[in-house]
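Residue numbers (the working numbering): 1 to 181.
The beta carbon of each residue, even a glycine, is placed where N, CA and C say it ideally should be.
Predicted model only: the values in this text are computed from it and were never measured.
Let me begin by presenting the structure, written as structure tokens, before commenting on it.
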Amino acid sequence: MTPTTDTIRGRARAGIGTGPILPQIVVTAGMAAWLTLIMVNNIVDSGTNLHLIGQVLTMEGLVGDPHRGQGLLGRAMSADLAAPALYGVIGYQIVTSALLWWAAAAHVLVLFGRGDGVRATLLGNVAWSALAGLALMFLVGGLWFGYWMTFGPVQQVHFTLLLVAVGGMLVTNLPRDRAAD
1 MTPTTDTIRG RARAGIGTGP ILPQIVVTAG MAAWLTLIMV NNIVDSGTNL HLIGQVLTME
61 GLVGDPHRGQ GLLGRAMSAD LAAPALYGVI GYQIVTSALL WWAAAAHVLV LFGRGDGVRA
121 TLLGNVAWSA LAGLALMFLV GGLWFGYWMT FGPVQQVHFT LLLVAVGGML VTNLPRDRAA
181 D
């Protein structure tokens, strides 16, 4: 059975909407939860990431290899910079997680007819852009240190994160019936 225009308008007036509000909520809240858990893991198990970031910064995996990355070794830095780098990443993750939760809450308000759809979309765009920025920071920073040669799976996670952020932006910007906003 196909809904009539009057039925769609009636639902929109009731605040239910006709657009993809549920996928917008699920995807945004899901990524907020995922990034929050990563941030918590980075705090409670910082030793693991301090070690890994130190390996990237010192280019440890390339130093003994006579064939790979020898032209990049001048970029190596001290492992002492791993802690400030990790704390900077954690700070960025805190902000990005908060933005994703805020955007998800704004979409929930739209679902219940109490929010502003334009504002929810704007918040979603800011949050997803922050997540894309995090992924790009990892990708560009990692490329500087040639991490793709020794940490290929990590680079794939960062590329996947970028694709998820772009997908989240697309879902956030799918049209909803304006009457629902």
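Asked	Found
Cβ neighbours of L73 in the same chain (closer than 7 Å, five flanking residues each side left out)	M59, L62, V63
Counted within 10 angstroms of its Cβ, other Cβ atoms place V89 as buried (16 or more) or exposed	buried
Reduced DSSP secondary structure (H/G/I, E/B, other) of L139	helix
The region 167-175 / the region 125-132 touching (three or more Cβ pairs under 8 Å)	yes
Candidates Q155, W128, V140, W148, of which the one nearest V164 by Cα	W128
Buried versus exposed call for G152 [16 or more other C-beta atoms within 10 Å across all chains shown]	exposed
Straight-line Cα distance separating D80 from V126	33 Å
Terminal residues of the alpha helix (DSSP H) in which H158 lies	152-172
Reference A98; option with closest CA among W144, I21, T36	T36
Alpha helix (DSSP H) segment containing Q24, residue limits	21-44
Residue from N173, V56, I38 whose Cα sits closest to the Cα of T96	I38
Three-way DSSP call (helix, strand, coil) for D80 in this model	helix
Spatial neighbours of I25 in its chain, beta-carbon cut-off 7 Å, leaving aside the 5 residues before and after	A104, H107, V108, L111
For G69, the three-state DSSP class (helix, strand or coil)	coil
Where the alpha helix (DSSP H) through L61 begins and ends	Residue identity check: residue 61 is Gly in the sequence provided, not Leu. Segment 60-63, the alpha helix (DSSP H) holding G61.
Cut-off 6 Å between Cβ atoms - residues of its own chain near A76, not counting five sequence neighbours on either side	T58, M59
Proximity to L22 [Cα-Cα], best of D65, V157, A120, G71	A120
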